[in-house]
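In full-length UniProt numbering, the protein residues as written are 1 to 314.
For every residue, glycine included, the Cβ atom is placed at its ideal position computed from N, Cα and C.
Remember, it's a predicted structure, so these values are computed and weren't measured experimentally.
Structure first, then comments.
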């Protein structure tokens with residue numbers, strides 16, 4: 001009952017905020033922008049099916065800008081995890097910005113949200129992390145997850161041993177405490193994002209402090225996260241840093257300059273908003289023994305090569 005009352009309270013507050021927002025011009029601008037960018041994402045969707053969807057955009061022979069000055073950080077792989085009913089084309093803009101910033105290993109993880117549930121997708125992500133670490137030689141990776149991609153990433157960290165292999169997780173508009181919009185989502189994974197679902201409760205109950213840095217970006221105009229505060233990561237054990245952006249819809253988060261600067265800033269400076277290490281804490285649960293369906297790995301574009309061997313810009 002307490003959880004239901006809390007949700008109802010949040011919904012009432014969100015409705016009040018929505019009414020007040022009608023007086024702000026930014027609301028109308030943001031809504032129009034969201035509609036326009038929805039069309040952009042739809043047009044780019046087929047590009048996510050191509051193997052070269054994540055090619056480097058820095059022309060051959062040109063050095064990438066030195067936004068990333070630390071070689072260890074530049075060589076730490078970044079894995080991009082898209083949301084429900086999307087594919088890796090979601091990150092075409094962020095991918096390009098990260099490569100221009102100097103990151104050398106960027107991999108987009110693809111999955112089918114209709115066929116597999118969130119624990120199964122997280123198991124596939126675990127295999128992808130192991131593959132990327134193997135080919136790059138890195139001990140840890142950084143993850144950027146949009147929408148359900150953030151929930152998948154969180155499940156991997158908390159349930160499948162990702163706390164040992166992940167340095168940073170940035171979530172963009174992810175329903176950490178569920179969204180009522182998920183009642184409209186078919187398939188295996190969509191219903192698991194409903195508020196109060198067993199999976200949502202499990203993530204709250206099993207959260208433990210770790211060395212993983214959590215950054216959660218949320219918007220006051222995200223109509224797919226209901227209530228909107230669900231996109232904040234507020235569990236005290238995770239000690240997340242929450243970043244609010246104004247007048248951005250769910251898909252607009254992926255193409256916003258402000259969001260891109262937030263992502264690049266936190267990935268290039270691994271000390272930024274990182275909480276102090278804790279001592280004498282309970283460890284995270286051991287790797288889950290849940291039996292996952294064996295699925296073929298989804299292989300993205302060829303791993304990024306060092307700056308001296310960059311692919312020509314298309």
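Let me confirm a value: residue i is counted as buried when at least 16 other C-beta atoms fall within 10 Å, else exposed. Which label applies?
i	result
residue 65	Caution applies to residue 65, whose pLDDT of 47 falls short of 50 and renders its modelled position unreliable; the model cannot decide the point.
residue 71	exposed
residue 106	buried
residue 183	exposed
residue 90	buried
residue 278	exposed
residue 77	buried
residue 275	exposed
residue 364	With the chain running from 1 to 314 in the structure shown, residue 364 is simply not present.
residue 271	exposed
residue 52	Here residue 52 scores only 47 on pLDDT, less than 50, and its place in the model should not be relied on; the value that follows carries that caveat. Residue 52 should be labelled exposed.
residue 364	Because residue 364 is not part of the residues shown, which for the chain are 1 to 314, the question remains open.
residue 151	buried
residue 88	buried
residue 256	buried
So if DSSP puts residue i in a beta bridge, which residue, or which two residues, is it bridged to?
i	result
residue 213	168
residue 243	217
residue 68	Partner(s): none; residue 68 has no beta bridge.
residue 145	81, 171
For my contact list, residue i and residue j are in at a C-beta cut-off of 8 angstroms; report their separation, rounded to the angstrom.
i	j	result
residue 158	residue 125	Not quite, the Cβ-Cβ distance comes to about 13 angstroms (not below 8 angstroms), so this is no contact.
residue 175	residue 231	6 angstroms
residue 129	residue 79	7 angstroms
residue 193	residue 178	6 angstroms
residue 250	residue 215	Not quite, the Cβ-Cβ distance comes to about 18 angstroms (not below 8 angstroms), so this is no contact.
residue 253	residue 229	At roughly 16 angstroms, the Cβ-Cβ gap does not stay under 8 angstroms, so residue 253 and residue 229 are not in contact.
residue 146	residue 197	Incorrect: roughly 20 angstroms between the Cβ atoms, too far for contact.
residue 233	residue 168	With 8 angstroms as the limit, residue 233 and residue 168 do not qualify as a contact, their Cβ atoms being about 13 angstroms apart.
Three or more C-beta pairs closer than 8 angstroms, one from the segment 134-147 and one from the segment 111-124: is that the case here? no
Restricting to runs no shorter than 4 residues, where is the alpha helix (DSSP H) found entirely within the segment 97-141? 118-136
Taking three-plus beta-carbon pairs below 8 angstroms as touching, is the segment 230-243 in contact with the segment 205-212? yes
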